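Protein chains in written order, with our numbering: chain W, 1 to 116; chain S, 1001 to 1109. Glycine included, C-beta positions come from ideal geometry on N, C-alpha and C. Keep in mind that this is a model prediction, so the values were computed, not measured.
Quick look at the structure:
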């Protein structure tokens, strides 16, 4: 049973296109996240949602729009894709947003986005 | 702003050795610290989470320590195996999770 799943696993597209990445978690968690891992393998938080509400937006361009239809899903839509958007995007979830042990973050397998 | 540094960037050891990976952070006001491993082309697997009130956590051959006052954590791997080869990442919270750049570990048979 996959805890945090993402689709697609690979995405190759042209500059200027609009694309979406989907994320689902079956852990019953309240909080979900999107991270970007660039070519230097550095991971950075992009967004965090708690109970379908946006709680963290780390100065991400407004071409990126997360959508959380319910607590189990957090999708990422990207408009007008640019070359610099090429990266691996990871979804994650945790029970809550506090610092306790129950709020350990679990990651999906990643979506490798390549913009040509 | 919280900055997380991991040293060394890469480490190669023969099988069976005990080893220590280091993680340091600039702001000691953290909620927790989490260690992950990432295999090439794969996602992150959570290894250990240490809450700010704790000093260490253990799981099998792994032991992670936390010294908040000095802004440091170590991940100790006992009796290393080739299957331990991966990139190890540490990350701290509060607020957004901040990651280090990782230590790429290679365990040679």
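Can you tell which of the options has its C-alpha closest to the C-alpha of residue i?
| i | options | result |
| --- | --- | --- |
| residue 1107/S | 1078/S, 1091/S, 1097/S and 1071/S | 1078/S |
| residue 1097/S | 1103/S, 1036/S, 1057/S and 1008/S | 1036/S |
| residue 90/W | 97/W, 84/W, 75/W and 81/W | 75/W |
| residue 68/W | 12/W, 50/W and 19/W | 50/W |
| residue 82/W | 113/W, 57/W, 73/W and 109/W | 113/W |
| residue 1064/S | 1082/S, 1083/S, 1032/S and 1038/S | 1032/S |
| residue 115/W | 7/W, 86/W, 57/W and 8/W | 86/W |
| residue 78/W | 4/W, 18/W and 35/W | 18/W |
| residue 1018/S | 1001/S, 1086/S, 1041/S and 1061/S | 1061/S |
| residue 1016/S | 1041/S, 1083/S and 1095/S | 1083/S |
| residue 1030/S | 1009/S, 1038/S and 1095/S | 1095/S |
In the DSSP assignment, find the unbroken beta strand (DSSP E) run with residue i in it and report its ends.
| i | result |
| --- | --- |
| residue 1007/S | 1004-1007 |
| residue 1066/S | 1062-1067 |
| residue 1056/S | 1056-1059 |
| residue 87/W | 87-94 |
| residue 1108/S | 1103-1108 |
| residue 1094/S | First-last for residue 1094/S: undefined, no H or E at that position. |
| residue 75/W | 73-78 |
| residue 1073/S | 1072-1077 |
| residue 1081/S | First-last for residue 1081/S: undefined, no H or E at that position. |
Would you mind sorting residue i into buried or exposed? The rule is 16 or more other CB atoms within 10 Å of its CB.
| i | result |
| --- | --- |
| residue 1102/S | buried |
| residue 1050/S | buried |
| residue 59/W | exposed |
| residue 111/W | buried |
| residue 1055/S | exposed |
| residue 1007/S | exposed |
| residue 27/W | exposed |
| residue 1093/S | buried |
| residue 12/W | exposed |
| residue 1071/S | buried |
| residue 20/W | exposed |
| residue 1014/S | exposed |
| residue 131/W | With chain W running from 1 to 116 in the structure shown, residue 131/W is simply not present. |
| residue 1110/S | Residue 1110/S lies beyond the residue range present for chain S, which begins at 1001 and ends at 1109; the question has no answer from this structure. |
Are residue i and residue j close, meaning C-beta to C-beta below 8 Å?
| i | j | result |
| --- | --- | --- |
| residue 1004/S | residue 1074/S | no |
| residue 54/W | residue 47/W | yes |
| residue 25/W | residue 32/W | yes |
| residue 1069/S | residue 1024/S | no |
| residue 70/W | residue 52/W | yes |
| residue 42/W | residue 1043/S | no |
| residue 104/W | residue 1046/S | yes |
Relative to the ligand ZN, is the shortest distance from any of its heavy atoms to the C-beta of residue i smaller than 7 Å?
| i | result |
| --- | --- |
| residue 69/W | With respect to the ligand ZN, the structure offers nothing, as it holds no ligand at all. |
(message) Restricting to runs no shorter than 4 residues, where is the alpha helix (DSSP H) found entirely within the region 15-70 of chain W?
(response) none
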